[in-house]
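Read the structure below first, then the notes.
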Amino acid sequence: MIGQSAMHVLAGLALLAAPVSGMAESKSAPAAAPLWQENPYPSTYKPYPGEPTAIVGATVFDGTGGEIANGTVLLKDGKVVAVGDAHLAVPDGYKRIDGTGKFVTPGVIDIHSHLGVYASPAVPAHSDGNEATSPTTPQVWAEHSVWPQDPGFSRALTNGGVTTMQILPGSANLIGGRSVVLKNVYARTVQAMKFPGAPYGMKMACGENPKRVYGSKGQMPSTRMGNLAVDRQMWIKAAEYRKKRAEGKLTDRDLAMDTMADVLDGKILVQNHCYRADEMAQVIDMSKEFGYKVSAFHHAVEAYKIADLLKANGICAAIWADWWGFKMEAFDAIPENAALLADAGACVIIHSDDANGIQRLNQEAAKARAAGRRMGIQIPDGQVIRWITLNPAQALGIDKQTGSLAQGKMGDVVLWNGNPLSVYSRPEKVWIDGALLFDLADPKRRPVSDFELGLPGEGDVK
Amino acid sequence: MKRTSLMLAALLLAGTALPARAADAPTVQAPVAAGDFAVTNATVAIGDGSGPIAGGTVVVRGGKIVAAGKDVAVPAGVPVIDGTGKWVTPGLVTAMTDLGLLDVGAVDESNDSSAASARFSAGLDVSLAVDPDAPPVAVSRAAGITRAGIAPAAANAIFAGQGAVIDLAENGPATMQPRAFQLVELGERGADLAGGSRVAAQALLRNALREASDLARRSGGKAASDAGQPVDALLTRVDAAALVPVVTGKQPLFVHVERAADIRGVLALGKQFPALRLVIVGAGEGWRVAGELAAAKVPVLASALADLPGSFETLAATQSNVGRMTAAGVRVAIGGFYDLDQPRYAPQYAGNLVGLTRVPGATGLSWGQALAAITSIPAEILGEGAAFGSLKPGLAADLVLWDGDPLEVSSSPVSIYIDGKPQSLVSHQSRLRQRYRHPGEGALPKAYE
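Top line first, the protein sequences correspond to chains A and B. Sequential numbering from 1 applies to the first sequence in the working numbering. Sequential numbering from 1001 applies to the second sequence in the working numbering.
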């Protein structure tokens, strides 16, 4: 996992000439030395303090698909201590929260957000999500664009119960750059929002957007076949770079190739914007051709057409509930997409891609489930909650830390004032790493970004 | 299951000459007229702001609502649909949308919603381009939308042109009211279109209203006039003529503004040109001037859930906007709906405003108010409150039967009537759903299914 070893230890680079450290002498030939920091912008996120908390009497959806009536959830020292039914004893020293008639879920996770890189207000000065000057820009990192004062973070927390988000570059480019996973806790720096230990993602895009953006400039790609050709050429280059890197034969560092080689090494997860079924099938073959894995297809509106293929390849479909028809490649979107995928045993994630949609991922999941029910596909509430919790955690490689209510995991928890699959329900309290960071009844537990201070409305709290 | 009775009713309504409920009905029967039926034992919501009525009945004759409520008798011989477990509402109304103006938003060839290079602006008339067969119309109809105001989008001038009111009945013709309103941009968008500032937009607007007033005087109040424009006129004759019904108060002027100061500016305009029938569209900061809006009796079409400072003219955006304006006495409908933000989301938005009533410090809507904000109020704003938008007697029998609470995200229409006629729920989407019920090819490719 990225961040475990602070430095690459490679040999053969020009940088070796510099007296970096004395590590080389401890290695066998060829001499190895740290050449560059593998994790140069490390997370400085620190959980805020919380008090030992027991939520009792609520219906608990644990994120794995399970449902516990009259459940108890214990949080302490930032972690989930225990989850059980009414028989689970609440130890002394815990603050009891009465959850009777209410519902508990893990913190909601949005695997596809552009908060911070397309911040509100949506003025050109805030347009930092697409480095649309070259069709492939694996060298750019979304975290270098994120504005931590985006007012959207607060709305995602207070209305959506979102505790973790993947911030992605846009889809103008075939390879858009690195994503970053953030905890939804306002901070002065992006580093202080970064999810500790989360792997990076690499954003890729199929279809209309890259070929439109670059075709209109009279350059490649201007077609879907151009899309694949440019991608493949990049992977060929990346494979050579990776081989040299492993052999210690690199002579020049290449930021773009660093990222792609890390994908080939399995350290960085591919998050691939791709609408059409036939294009997803092409990408699956491309990933096998070059030896990488797609973690999730995002905006996969036609995933239902190849549910079997996605299941067989272990690739999640990250989708909207019912966006339809706004562009040619969205013409075959259907609201039953999620239910059909689930029915076929494939992995479903409901995502937002939208500063408004991220406030209601629970409702989106509910709509997707209802569409399935109308065609005879029954999916229990707990499984539906998994679409916005554990499944996105898995596709982000952070499921060991969050995404479900299991002992030892981060205390990322939402208490809802009703069933989260109802339009009438809202988050009542949200804990992140065990710290109470939103409380419907307490204006002091409601964040206001710097941008909104002193302005009319002041963050929708007036 | 009610499938049988619903299908029977559909057959009857389609004009099939079956005897109506012979077992229950009195002996003497005239042939059942198309558009005659009743729904019983349903939860009935009138759409006028009142709450839902359990065990209610709706009676429809000749395509019009005859009665709706708790103790409503079903006239002899009228076919009855058992609505047990169902909800009945008026068909949903969208006051502003692009339905029928595009097939696929991002496919320019199919999109007639704006014309950046057009020679005309206020004179543009969308009724000449509305296509009732556009795929989004069928998708919206299946979601319970039965009537809509179709608005052009401004692209070459502050005036977008003239909107139309349509019904969404299958097998159109759809247009029921051409040239129903004029739309003008006066906020950030208007500033951009006017040459770079709100100052310029205001000057253009006032000049246009004066040129139209002059034309009205010269032509005796008639829009279609041979009276030419003065040599120093900025408006083409077509555009000036199109604004005559605006300045004479025959056609509402929809004004898109968001910030509080701009809303006040529109209200001031109304004092300067008292004949204007103003509707404010957007009003993201409307709650800050809610009292003034109410006093001026200017209705508003606002987004329900826009709570982000998406621009500098919506810094005070809040989900409480609609609730606060409504509480102040403003007639507020939810909308408009464009492109990705499609009319079928209206019930979810309305439901969220009901949920907001449980948030301390926030202002939402009651359930009845929320339904009115997507039925009768948008109809009123379109000037059609006496024609459709609620289940009051005499109005068009636009009905939706739902499988549950219509504002709940898990609910959806099970049958839809426009002017008392049953409507198809089939769309491109529903056909795809059937084809892909199970992945994998069968004995023949999917293309044969």
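Positions of the beta carbon are idealized from the N, C-alpha and C atoms, including for glycine. Please read all numbers here as calculations on a predicted model, not as lab measurements.
Beta-ladder partner(s) of residue i, from DSSP
i	result
Asp1167(B)	Arg1147(B)
Ser127(A)	Tyr118(A)
Asn272(A)	Met204(A) and Phe297(A)
Trp324(A)	Trp324(A) pairs with nothing; no bridge assigned.
Val1039(B)	Val1058(B) and Ile1081(B)
Glu1449(B)	Note: Glu1449(B) sits in no beta bridge, so no partner.
Gly1271(B)	One detail in the question is off: residue 1271(B) reads as Lys in this sequence, not Gly. Beta-bridge pairing links Lys1271(B) to no other residue.
His1256(B)	Glu1185(B) and Val1281(B)
Cys347(A)	Paired residue(s): none; Cys347(A) is not in a bridge.
Arg96(A)	Ala54(A)
Thr136(A)	Ile175(A)
Inter-residue Cα distance where the pair is residue i and residue j
i	j	result
Asp1239(B)	Thr158(A)	47 Å
Asp265(A)	Leu255(A)	15 Å
Pro1026(B)	Ser1415(B)	Interpretation of Pro1026(B) is limited by its pLDDT of 39, a score under 50 that renders its predicted location unreliable; no figure is taken from the coordinates.
Arg1061(B)	Phe1159(B)	41 Å
Arg1179(B)	Gly1249(B)	13 Å
Gly1190(B)	Ala1200(B)	9 Å
Thr1040(B)	Asp1082(B)	5 Å
Gly1385(B)	Pro1135(B)	27 Å
Asp278(A)	Val263(A)	23 Å
Thr1236(B)	Arg188(A)	55 Å
Val1080(B)	Val1058(B)	10 Å
Val185(A)	Phe290(A)	37 Å
Thr105(A)	Ile358(A)	16 Å
Val80(A)	Thr389(A)	15 Å
Assigned secondary structure, residue i (DSSP; H/G/I helix, E/B strand, else coil)
i	result
Asn1111(B)	strand
Ala1386(B)	coil
Arg1277(B)	coil
Val1409(B)	coil
Phe451(A)	helix
Ala18(A)	For Ala18(A), the pLDDT reaches just 37, beneath the cut-off of 50, and the residue's location in the model is therefore unreliable, leaving the point undetermined.
Leu340(A)	helix
Asn70(A)	strand
Asp1403(B)	coil
Tyr241(A)	helix
Gln1251(B)	coil
Ala1201(B)	helix
Lys79(A)	strand
Ser1415(B)	strand
Gly215(A)	helix
Trp1367(B)	helix
Ser113(A)	strand
Nearest-angstrom Cβ-Cβ length linking residue i and residue j, presumed shorter than 8 Å
i	j	result
Ala1212(B)	Val1255(B)	Rounded, the Cβ-Cβ distance is 15 Å, inconsistent with contact.
Pro169(A)	Asn130(A)	7 Å
Ala1275(B)	Val1247(B)	6 Å
Trp147(A)	Ala119(A)	5 Å
Asn227(A)	Cys316(A)	Their Cβ separation, rounded to whole angstroms, is 22 Å, which puts Asn227(A) and Cys316(A) out of contact at 8 Å.
Ala1151(B)	Leu1124(B)	That pair is no contact at about 11 Å.
Thr59(A)	Arg386(A)	Their Cβ separation, rounded to whole angstroms, is 15 Å, which puts Thr59(A) and Arg386(A) out of contact at 8 Å.
Arg1288(B)	Ala1306(B)	With 8 Å as the limit, Arg1288(B) and Ala1306(B) do not qualify as a contact, their Cβ atoms being about 14 Å apart.
Under 8 Å between C-beta atoms of residue i and residue j
i	j	result
Gly66(A)	Gly382(A)	yes
Leu436(A)	Gly177(A)	no
Val423(A)	Leu75(A)	no
Leu310(A)	Ala318(A)	no
Gly1364(B)	Leu1371(B)	no
Ala1316(B)	Pro456(A)	yes
Ser1140(B)	Gln1342(B)	yes
Val1330(B)	Leu1301(B)	no
Thr1000(B)	Ala1387(B)	No answer is possible for residue 1000(B): the residues shown for chain B start at 1001 and end at 1449.
Ser425(A)	Trp431(A)	no
Ala338(A)	Ala368(A)	yes
Ala82(A)	Gln407(A)	yes
Gly1404(B)	Trp1087(B)	yes
Ala1397(B)	Ile1065(B)	yes
Val1322(B)	Ala1373(B)	yes
Below-8 Å beta-carbon distance, residue i vs any chain E residue
i	result
Arg1264(B)	Protein chains in the displayed structure are A and B, and chain E is not among them.
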